[in-house]
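Enquirer: Below: one structure in structure tokens.
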Amino acid sequence: MVPRTARLQLAIVLVLWACTSPLAPGSAAAAGAGAAGGGGGAAAITNSIADLANVERLRAGVSPLRVEGRLMKAAQMQAEQMASLGRMDHVLRDGPYPAPQDRLAAAGYRWRAFAENIAYGQRGPEDVTESWMGSAGHRANLLNGTYTELGTGYAVDSRGRSYFVQVFGKPM
């Protein structure tokens with residue numbers, strides 16, 4: 000459990016970052032951040048999704064997640080294969096990495112526990128986070144104190160639809 004003072008300090012830092020980041024409302028990058036090929040780039044979008052997840056966890060009194068490179072890779076694999084196939088599903092039998100376990104193995108992540116949130120069509124990090132928080136199952140994954148690490152992914156399909164992924168993990 001994070002002490003209240005530390006949670007408040009982290010929340011203030013994240014709010015200040017959000018106000019000055021390239022994705023801040025009113026910035027030039029924010030205008031296109033949710034659009035296909037928009038400003039801010041995929042890295043800014045995936046970083047923002049991770050930051051917003053930690054803001055929600057702090058609001059709920061749950062320790063923040065550490066962004067983990069192998070989980071980032073697994074999440075990006077899923078975002079790209081969903082965009083490539085033009086559909087959203089946790090298991091894509093005709094994809095190169097059909098199930099979450101396949102993606103985690105390909106990324107070299109040895110897990111004790113994991114979960115995956117996926118979405119498509121939202122305009123950007125804030126919208127997808129709001130969608131996940133409005134869904135009981137996705138919210139449960141996002142706020143689950145078992146998980147200590149997070150990876151996020153983002154891709155756009157040929158029709159301009161955005162695909163978003165969060166992979167939560169607890170390593171071996």
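Here the sequence shown is numbered in numbering that gives the first Met the number 0, starting from 0 and rising by one per residue. Ideal placement from N, C-alpha and C gives every residue a C-beta, glycine not left out.
(1) Using DSSP's beta-bridge definition, name the partner residues of I245.
(2) Quick one: grab the DSSP three-state call for L149.
(3) Quick one: what's got a C-beta closer than 6 Å to S161's C-beta in the same chain, skipping five residues either side?
(4) Residues in its own chain within less than 7 Å of Q121 by CB, not counting five upstream and five downstream?
(5) So H172 is in the alpha helix (DSSP H); what residue range does that whole segment cover?
(6) Among residues of its own chain, excluding the 5 on either side of Q80, which ones have a beta-carbon nearer than 7 Å to its beta-carbon?
(7) Thinking C-alpha only, which one of R138, R158, N143, A49 is nearest L70?
(8) Considering only DSSP beta bridges, list what P170 is partnered with.
Expert: With the given structure in hand:
(1) Since the first residue of the chain shown is 0 and the last is 171, residue 245 is not available in this structure.
(2) Along the sequence shown, one-based indexing puts residue 149 at 150. Strand.
(3) Your numbering for residue 161 matches position 162 in the sequence shown. Cβ neighbours of S161 beyond the five flanking positions: V155.
(4) Walking along the sequence shown from the start, residue 121 turns up at place 122. If we look at Q121 and ignore the five residues flanking it on each side, its Cβ neighbours are V127, S130, S161, F163.
(5) In the structure as shown, the chain starts at 0 and stops at 171, and residue 172 therefore has no counterpart that could be examined.
(6) By 1-based counting over the sequence shown, the position of residue 80 is 81. Hits under 7 Å: L91, G94, P95, Y96.
(7) The count along the sequence shown starts at 1 and reaches residue 70 at position 71. Among R138, R158, N143, A49, the Cα nearest to that of L70 belongs to A49.
(8) Residue mapping note: residue 170 aligns to position 171 of the sequence shown, counting from 1. Note: P170 sits in a beta bridge opposite W110.
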